[in-house]
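K.L.:
Below are the C-alpha cells for one structure; questions will follow.
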Amino acid sequence: MSEIVYVRGDATEPCAGGTRVIAHMIGQRGVRRPGRTAPAPAPLRYDAIDAALGRLAGQVIGLGASVHLPRIGCGLAGGSWPRVEPLITERLVRRGIAVTVYDHGEGGP
C-alpha cells in the first residue's frame with residue numbers, strides 16, 4: 491500500500507481513473523478567517539504554489555494531459571491573482587501545457 495505524503499508545494503496524484511487524474515497541491519498553512527478585527531497574514535505561500543506547479547508539470551507532460559483549476563490561492567488563502575497567474579504561466583503554459591482556469595465570477599477580468 492502506497493502512502494501519500496502531503497508537504498507544502500507537493501503535487502500528488504491520489505486518485506486516477508479513466509481519463510481524469512486529480513492532483514492535490516498544498517500551498518498554504520491555515521485559512522484566513524473573514525470578519526476578524528485584526529488582519530491576519532495571508533496563509534498562502536507562493537513558493538509552495540510554485541513548487542507544486544513545477545512538480546505537476548512533469549506529471550501532466552508525462553500523461554499528455556491538460557490542467558483545469560480555479561484561481562488557486564486567491565480565496566481564503568489570501569493570495570493575489572496577479573502573483574499566482576505568472577507562476578501558472580511559467581510552470582505550465584510555457585512548457586506547452588493547456589491550462590483552463592475556472593472563475594466563479596468574483597474578481598474576474
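Numbering of the sequence shown is given in my numbering, commencing with residue 491 and proceeding in unit increments.
For each residue, glycine too, the CB sits at the ideal point set by N, CA and C.
1) Cα separation between H514 and I562?
2) List, from N- to C-terminal side, the beta strand (DSSP E) runs of 3 residues or more that fit wholly inside the region 530-598.
3) According to DSSP, which residues form a beta bridge with I516?
4) Report yes if the C-beta distance between L582 and L534 is below 8 Å; otherwise report no.
5) With distances taken from CA atoms, which of G552, L566, V550 is nearest R519?
P.N.:
Straight from the coordinates:
1) 11 Å
2) 557-560, 589-592
3) For I516, which the question treats as bridged, DSSP gives no partner whatsoever.
4) no
5) L566
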